[in-house]
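Under numbering that gives the first Met the number 0, think of the first position of the sequence shown as 0, with each following residue one higher. Idealized CB from N, CA, C, for every residue including glycine.
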Amino acid sequence: MLLKPMVTMHIGFDDTDSPRMGCTTYIAALLVVKLHQMGAFFVDYPNLIRLNPNVPWKTRGNGALCLRIRCNEEHTGEIMEATIDTIEKNSDSSCTNTNPGVVFLLNDIQNDLRVFAKRAIQGIVEMKEALKIVKTSGAEAVGIKNGRGIIGGLAAIGETLERDHTYEVITYRTLKNRGTPRRIHIPSVTEMNEKTSPLTFNNIDSETGRILIAPRGPDPILYGIRGESPEAVKQAHKIIRPQEPIERWVIFRTNHGTDAHLHQANSTSEIKPFNPVIVQGDLCKEPEVILGGHVIFRIKDEKGEVDCAAYEPTGALREVAKKLIVGDSIEAYGGVRPASSKHPVTVNLEKIRILKLAPKLSFSNPKCPHCDRRMKSMGKEKGFRCDKCGFRSSELEKVVGEHERTVRKGLYLTSQRSQRHLTKPLLRYGTEKAKTPKKMIVDWHFP
Ligand code: ATP
C-alpha cells in the first residue's frame, strides 16, 4: 500500500469567546493535545496573533490563533473535523457578538495573505476580502453564525512572525475553579520577576506593585508570562507557585510587545479612525486636564492638526503629557478614535517621543531702576510706571525669563498596567528579533 505524503497544514481560528466565558487560546491548548494524539506534529509553537486593538467589535485583546502542523495527507479530513468539533463545543456561540470562524490552508502562504494579515493588525479589513483570499489561496473556511472569526483566523495564518516576536506561557485553571478568585503565591511572582526579567516582561506594575500576569475575568487563564524565548518563559513558569491546580499549559509564539499595530504616518492627513498610528507634529494647543483626569493637547504639521489624549489610566504618560508646552515637537503613538459630536478625531496615546523641547519663557514687567519695585504697565506699548516713586518710562521692555523644563527629550510609555498586548515595552527596545526560531524546545506544553 502506498503511503500518502506529509503536508503542512495551517489552522487559523478566532472569535470563540465572550465576556462571560472562554478564551480562544484555551481552544488552541485543547487542540495541541488532540492533534498530537491524531499523529500530527507541530512545526511551530501555536501562534497567538494580536490583531488591531482598535477594532470596535473585539471582546478583549483581539487575539487570533494559528496552529501549524505536519500530518499525513490522509488525515487532513479527520483533523479538520476534530478542529471544528472542538471549536464548536468550546465557543460561547450563545453570545450575540461571538461569531467563530476557522480556516484551513494546506498550501504555501501567498503574499496577498501576508498583506491581508498586516492590514488586519494595523487597520480594518472586510469579510469579503477575507473570503476572496480564502478562495484564491485554496483554503477552506468554516464560520459559525456570521462567521466573522474567519477574518481573524485567516489573518493569524498570514502572520508568520518572521521578524520580531515574543513568547508567552499560558496556564489554565480547572473547570471547577473558573470564575473564582485566582490563587497564586504572590512572593513567588516577585521572585520570578527578579530572576527572569528582562528576559520576561510586564510581570508586575513597577508603580503600584500590581501583579500583571494574572487576568481578572472569568476566562480559564490562571496566569500568562511573556518573554523573549521559550526557555525564559518556561523557567519563569517553574518559579511560580500556584495555589490551585493547573489543568494545562502551552507556550505560544506571539507578536506581543512588538508594536506591530502601529503604522508610521507621513503626516496628520494620513490619520484614519481605527488605524493605530505613529505621527509627528508640534504642539499647537496647551495640554488641558479634563474631567476624569484625562489630558488632551493638539499637535499640527503642514497638512493639518489632530488632538491627542493621555487618559487617566495611562499613569506615567499622562504626567508627561501635562508637562508639554506649545512648540514642543513630538511623535504620538496610539489608536485613533473617530470624531464624535463632542470631539474631533483623537489619537489615544500609548507612547510619546519628545523630539524637541521649546523654551519655556515668561514675560514680566521690568523693575524700577530707582527703587527696584516691579513696575506696572500703562497699557499696550505705552510703557511702565512705578507705583512707589512715580518713575515712568516708555523705553523699558518686558523682561524675558527662561524656565527649566521638567521633562526631557525621549520616549515615554503608558504605565505597565495599562499597556496594550502589542505595545513594545521600553526594555525590549534594541532586542528585537529578525528571524524565526530554528527549532522548538521539547516540552512546550502540558499535557
Ligand atoms: P481575545 O479575547 O481572544 O483576546 P477578542 O475576543 O477581543 O480576542 P474577538 O472576540 O476575537 O476578539 O473578536 C474580534 C473579531 O473581529 C473577530 O471576529 C475577528 O475576526 C474580527 N477582526 C479582528 N481584527 C479585525 C480587523 N482588523 N478588521 C476587521 N475585523 C477584524
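Taking C-beta to C-beta, are residue i and residue j nearer than 8 Å?
{"i": "V346", "j": "V278", "result": "yes"}
{"i": "P286", "j": "I295", "result": "yes"}
{"i": "I183", "j": "P275", "result": "no"}
{"i": "L221", "j": "A213", "result": "yes"}
{"i": "V249", "j": "A28", "result": "yes"}
{"i": "V133", "j": "V101", "result": "no"}
{"i": "V398", "j": "P365", "result": "yes"}
{"i": "L50", "j": "A140", "result": "no"}
{"i": "L282", "j": "V335", "result": "no"}
{"i": "N98", "j": "I48", "result": "no"}
{"i": "D300", "j": "S266", "result": "yes"}
{"i": "M37", "j": "E77", "result": "yes"}
{"i": "R427", "j": "G256", "result": "yes"}
Who does residue i pair with in a DSSP beta bridge?
{"i": "V398", "result": "S363"}
{"i": "Y332", "result": "I277, K350"}
{"i": "G11", "result": "C65, V102"}
{"i": "H444", "result": "V249"}
{"i": "R170", "result": "Looking at the sequence shown, residue 170 is not Arg but Thr. Beta-bridge pairing links T170 to Y222, W248."}
{"i": "L47", "result": "L64, T253"}
By alpha-carbon positions, which one of the options ends up nearest to residue i?
{"i": "C70", "options": "R391, L2, C367", "result": "L2"}
{"i": "K321", "options": "A309, I329, E330", "result": "A309"}
{"i": "M20", "options": "S92, P4, I10, I250", "result": "S92"}
{"i": "R113", "options": "M126, S136, S417", "result": "S136"}
{"i": "K271", "options": "S414, G333, F390, P368", "result": "G333"}
{"i": "G389", "options": "L425, I353, H369", "result": "H369"}
{"i": "H342", "options": "I68, F40, V305", "result": "V305"}
{"i": "H402", "options": "S392, R147, S363", "result": "S363"}
{"i": "G216", "options": "E330, Q415, P18", "result": "P18"}
{"i": "T86", "options": "L64, K355, E243", "result": "Note that residue 86 is Ile in the sequence shown here, rather than Thr. The shortest C-alpha separation from I86 is found at L64."}
{"i": "L153", "options": "G11, H164, G291", "result": "G11"}
{"i": "K438", "options": "F383, K284, R252", "result": "R252"}
{"i": "P52", "options": "A259, L323, C307", "result": "A259"}
{"i": "C22", "options": "T58, N110, P4", "result": "T58"}
{"i": "T367", "options": "R391, S361, L360, S268", "result": "A small correction: the amino acid at residue 367 is Cys; Thr does not occupy that position in the sequence shown. It is R391."}
{"i": "V31", "options": "H293, S205, R247", "result": "R247"}
{"i": "I289", "options": "R317, F273, E269", "result": "R317"}
{"i": "L354", "options": "E394, Y411, D111", "result": "Y411"}
In angstroms, rounded to a whole number, what distance separates the CA positions of residue i and residue j?
{"i": "T159", "j": "E190", "result": "33 Å"}
{"i": "G223", "j": "R407", "result": "34 Å"}
{"i": "A319", "j": "I351", "result": "Strictly speaking, residue 319 in this sequence is Val, with Ala absent from that position. The alpha-carbon atoms of V319 and I351 are separated by roughly 8 Å."}
{"i": "D371", "j": "K379", "result": "22 Å"}
{"i": "S196", "j": "T7", "result": "35 Å"}
{"i": "Y44", "j": "I156", "result": "13 Å"}
{"i": "I210", "j": "K88", "result": "32 Å"}
{"i": "K302", "j": "Q263", "result": "15 Å"}
{"i": "K194", "j": "I239", "result": "11 Å"}
{"i": "L356", "j": "E128", "result": "44 Å"}
{"i": "F41", "j": "L66", "result": "8 Å"}
{"i": "A235", "j": "N202", "result": "10 Å"}
{"i": "A39", "j": "V441", "result": "15 Å"}
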